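What follows is one structure encoded as C-alpha cells, with my remarks underneath.
What follows is the structure, encoded as C-alpha cells:
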C-alpha cells in the first residue's frame with residue numbers, strides 16, 4: 003500500500019510493529035518516514051523494558067503460609083507478624099524501585115516528551131460520544147458531556163503506571179492534546195516545556211493528566227475543564 007506521511011504516522015501510532023509489506027516499504031521511503039519509525043522503535047523498546055518486573059501475585063499468601071507453619075509462642079507471634087509485614091513492605095518497595103528503573107522513563111516530563119514525539123501530533127477528526135464513553139468506561143471512568151463533544155481523537159496509550167488515554171480536543175484555539183495517566187502522581191499545575199510545546203499537569207483522583215498545546219494560555223485555560231471532565235465511575239470527585 004502507498005501512504006502519505008500523515009497516513010503513515012497514524013498507522014505507526016496504531017500498529018508500530020506491523021509486518022505489512024506496504025508499511026515496511028513506507029518506513030524506508032523517505033528520511034522523515036525513517037526518523038518517525040526510529041522514534042517509534044525507541045518508544046516501543048522502553049515499553050518492553052517497563053514490563054520486565056512484576057511483584058509475584060502469591061507473595062503475600064506465601065508469607066502468611068510461612069507464618070502459620072512456624073511454631074512460635076503467643077507472645078512472639080505479634081513480633082513475627084510485624085517482621086513479616088516489614089518483609090512484605092520491603093519486597094514490595096524493592097519491586098516498585100525495579101519497576102521504576104525499568105519502566106523506561108526517569109520522570110513524567112521525560113515520558114510526556116517521548117510520548118508526544120511518538121504520536122502527539124495525530125491528525126484530529128471527529129469521534130462519536132459513544133466511542134469516547136466506551137474508551138473511558140474501559141478504565142472505570144466517565145467523561146463529562148462537554149468533553150465528549152470536542153474529542154477529535156481518542157485511543158488507549160501506555161503511561162508510566164498503566165494503560166491510559168490519549169485524546170486530541172478540538173478547542174476554539176485549535177487542537178490540544180490531553181494524556182490521562184492512571185496512578186501517576188504529579189505536581190499539580192506544574193508547567194512542562196519540550197519540543198516547542200507547553201504542558202500543564204493536572205492532579206486527578208487516582209491519577210493525573212497532562213494538557214499539551216502550543217502555548218501556556220491554550221493549556222492553562224483548559225485546566226479546570228479537564229479536571230472536572232475526567233470522572234471516576236463511582237461519581238466521586
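Residue numbers (our numbering): 3 to 239.
The beta-carbon is built from N, C-alpha and C at its ideal position, and this holds for glycine as well.
The model shown is predicted, which means the values in this text are computed figures rather than measured ones.
CB contact flag (residue 202, residue 193, <8 angstroms): On the chain shown, position 200 is the one that residue 202 refers to. On the chain shown, position 191 is the one that residue 193 refers to. It is a contact, given that the beta carbons lie within the stated cut-off.
Helix, strand or coil at residue 215 [DSSP, three-state]: Taking the chain shown and counting its residues from 1, one reaches residue 215 at position 213. Correct three-state label for residue 215: strand.
Whole-angstrom C-beta distance between residue 197 and residue 115, which should lie under 8 angstroms: The count along the chain shown starts at 1 and reaches residue 115 at position 113. The count along the chain shown starts at 1 and reaches residue 197 at position 195. Distance from residue 115 to residue 197 at the Cβ level is roughly 7 angstroms; contact confirmed, criterion being Cβ atoms closer than 8 angstroms.
CA nearest to the CA of residue 240, picked from 162, 19, 28, 167: No statement about residue 240 is possible, as the shown extent of the chain runs from 3 to 239 and does not include it.
Status (buried if at least 16 other CB within 10 Å, exposed otherwise) for residue 89: Working through the chain shown from its first residue, we reach residue 89 at position 87. Reliability fails at residue 89, whose pLDDT of 47 lies under 50, so the model's placement of it is uncertain and no value is given.
Minimum C-alpha distance to residue 165 - residue among 146, 142, 230: In the chain shown, counting from the first residue as 1, residue 165 sits at position 163. Residue nearest to residue 165 within the set 146, 142, 230 is 142 (criterion: CA-CA distance).
For residue 152 and residue 172, believed in contact at Cβ under 8 angstroms, the rounded distance: The residue given as residue 172 occupies position 170 in the chain shown. The residue given as residue 152 occupies position 150 in the chain shown. Taking 8 angstroms as the upper bound for CB-CB distance, residue 172 and residue 152 are in contact here, some 5 angstroms apart.
Reference residue 108; option with closest CA among 213, 161, 199: As a working mapping, residue 108 is identified with position 106 in the chain shown. 161 is the residue among 213, 161, 199 whose C-alpha sits nearest the C-alpha of residue 108.
Same chain only: Cβ atoms within 8 angstroms of residue 214, ignoring 5 sequence neighbours per side: Within the chain shown, residue 214 is the residue found at index 212, counting from 1. Here the set comprises 114, 118, 122, 178, 179, 180, 181, 199, 200, 201, 221.
Uninterrupted alpha helix (DSSP H) stretches inside the stretch 140-193 (no shorter than 4 residues): Runs of the alpha helix (DSSP H) inside the stretch 140-193: 147-150.
For residue 18 and residue 43, the rounded distance between their alpha carbons: Numbered from 1 along the chain shown, position 41 holds the residue referred to as residue 43. Numbered from 1 along the chain shown, position 16 holds the residue referred to as residue 18. Distance between the alpha carbons of residue 43 and residue 18: 7 angstroms.
Element boundaries [alpha helix (DSSP H), containing residue 23]: In the chain shown, residue 23 corresponds to position 21, counting from 1. Going by DSSP, residue 23 is part of the alpha helix (DSSP H) stretching over 23-29.
Option nearest residue 145 by Cα separation, candidates 120, 216, 229, 5: In the chain shown, the residue the question calls residue 145 occupies position 143. Measuring from the Cα of residue 145, the nearest candidate turns out to be 229.
Alpha-carbon spacing of residue 148 relative to residue 206, whole angstroms: Taking the chain shown and counting its residues from 1, the one referred to as residue 148 is at position 146. Taking the chain shown and counting its residues from 1, the one referred to as residue 206 is at position 204. Computed Cα separation, rounded: 18 angstroms.
Straight-line Cα distance separating residue 174 from residue 216: Mapped onto the chain shown, residue 216 falls at position 214. Mapped onto the chain shown, residue 174 falls at position 172. Approximately 13 angstroms between the Cα atoms of the pair.
DSSP-derived helix/strand/coil call for residue 201: Locating residue 201 in the chain shown gives position 199, counting from the first residue. Residue state, collapsed to three classes: strand.
As assigned by DSSP and simplified to three states, the class of residue 33: The count along the chain shown starts at 1 and reaches residue 33 at position 31. Residue 33 falls in the helix class under three-state DSSP.
Alpha carbon of residue 61 to alpha carbon of residue 163, nearest angstrom: Counted from its first residue, the chain shown places residue 61 at position 59. Counted from its first residue, the chain shown places residue 163 at position 161. Any reading at residue 61 must be qualified, since the residue scores a pLDDT of 49, below 50, and its modelled position is unreliable; the value itself is stated next. One C-alpha to the other measures close to 21 angstroms.
Per-residue burial, residue 209 [other beta carbons within 10 Å of its own, 16 or more giving buried]: Position 207 of the chain shown, counting from 1, holds the residue named residue 209. Classification for residue 209: buried.
Residue from 158, 112, 5, 232 with nearest C-alpha to residue 23: Position 21 of the chain shown, counting from 1, holds the residue named residue 23. Checking every option, the nearest Cα to that of residue 23 belongs to 5.
With 16 other Cβ atoms within 10 Å as the buried cut-off, status of residue 226: In the chain shown, counting from the first residue as 1, residue 226 sits at position 224. By the 16-neighbour rule on beta-carbons within 10 angstroms, residue 226 is exposed.
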